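The block underneath contains the structure these notes are about, expressed in structure tokens.
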Amino acid sequence: MIDLNDLYYFSVVVEKRGFSAAADAIGIPKGTLSKRLQALERALGLRLANRTTRKFSLTEAGVDFHAHCLRVMNEVRNAEQAAQARLTEPVGRVRITCAAGIVRMALDQVLPPFLVMHPKIDIDLLTSSRYVDIVEEGYDIALRSHTEPLQSSSLIARPVAQTRVVLVASATLFANGPPTEPHELNGVSGMQLARRDTGSTWLLHGSNGRTATVSYHPRIRCNDAPLAKFAAQAGLGVVALPAPMCKAELADGRLVRVLPDWHIPRGTLSIVFSSQRGMTQAMRVTVDYLAEALPALMND
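Put into structure tokens, the structure is as follows:
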């Protein structure tokens with residue numbers, strides 16, 4: 012395999028018409044350049060140049076090879092310029108992953124205007140409730156909702172919102188009136204979100220530092236918050252949801268708060284990415300835009 016550096020050295024020697032001028036131009040000793048040209052000729056099995064102490068000239072094979080070298084060097088420069096452009100201009104494809112619920116709560120509202128503002132940016136969006144290893148699977152950004160600090164030495168987590176989690180249900184679920192104390196909910200039918208809920212219990216916090224644990228029967232176990240919300244609307248049970256996700260349903264009565272004086276610990280929404288070093292401009296403006304746009308929709 013030819014050392015591509017030797018193509019560059021050969022091109023400079025030809026351009027400068029000799030080793031001395033080429034050595035002065037690129038700061039590499041004349042003897043080194045001569046050895047690299049010899050190595051290139053051995054690799055090709057061709058003599059590329061005639062050289063004496065006073066004169067340097069190309070053979071016929073050298074003239075032809077030099078023309079190809081110029082095209083290679085030009086492509087290298089084009090590749091370098093294209094790569095540098097991604098660091099200075101927002102252009103290219105950004106791959107994002109998040110849960111479907113985050114799309115419904117916010118991304119469906121904020122991504123279209125962003126793409127209008129940045130016509131040279133394209134978005135790949137994967138909705139998944141499983142944990143996506145963004146480094147291993149080739150994603151640039153993950154939006155993650157969590158109650159505990161994210162633990163990863165190789166990832167950067169930028170918190171952007173604090174979201175209240177509330178218990179909701181259909182108004183028809185409690186025929187004898189809504190519960191007023193947590194113990195009245197024990198054994199109730201509910202929807203368990205497999206990714207977030209560690210078991211069939213809710214830990215509730217009340218006023219004056221009170222806490223209570225409620226056990227429920229999971230009618231549905233799933234990893235999709237929108238499905239759990241629709242199940243609650245159908246009267247299948249109680250579900251713990253981020254308040255922004257059920258804001259419209261609470262407003263029009265499709266859902267009602269259950270134990271409104273009690274709450275589940277808030278969740279944090281973070282933008283997660285691998286590193287700021289070498290980040291393309293497209294990725295940088297996407298992260299900054301989401302950090303600015305999401306709090307208005309997700310903070311509650």
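Using the numbering used here, the letters of the sequence shown map in sequence onto residues 12 to 311. All C-beta atoms, glycine included, are put in the ideal place defined by N, C-alpha and C. In this text, all values refer to a predicted model and were calculated from it rather than measured experimentally.
Here the alpha carbons of A304 and I113 stand approximately 13 Å from one another. Nearest C-alpha to E100 among Y142, Y300, Q292 and D299: Q292.
The alpha-carbon separation between A245 and E91 amounts to approximately 57 Å. Rounded to whole angstroms, N197 and A239 show a C-alpha spacing of 19 Å. Along the length of the stretch 201–252, whole alpha helix (DSSP H) runs at least 4 residues long occupy 236–244, reported in chain order.
By the Cβ neighbour-count rule, A251 is buried, with 16 or more other Cβ atoms within 10 Å of its own. Where R115 is concerned, there is no enclosing alpha helix (DSSP H), because DSSP gives it neither an H nor an E. Secondary structure of A60 (DSSP, three-state): strand. If you look at S22, you'll find it in the alpha helix (DSSP H) that goes L15 to K27. Per DSSP, reduced to three states, the secondary structure at I152 is strand. When the beta-carbon positions are compared, A54 and T70 stay at least 8 Å from each other. DSSP places F30 in the uninterrupted alpha helix (DSSP H) bounded by F30 to I37. In this structure, the CA atom of L166 is about 13 Å from the CA atom of G149.
In the three-state reduction of the DSSP assignment, T174 falls in the strand class, which pools E and B.
A residue is called buried once 16 or more other Cβ atoms fall within 10 Å of its Cβ, and E86, having fewer, is exposed.
CA-to-CA, the gap between R62 and I39 works out to about 18 Å. For D17, the CB contacts under 6 Å within the same chain, skipping 5 residues up- and downstream, are R47 and L51 in chain order. Put simply, the backbone Cα of V296 is about 15 Å away from that of D135.
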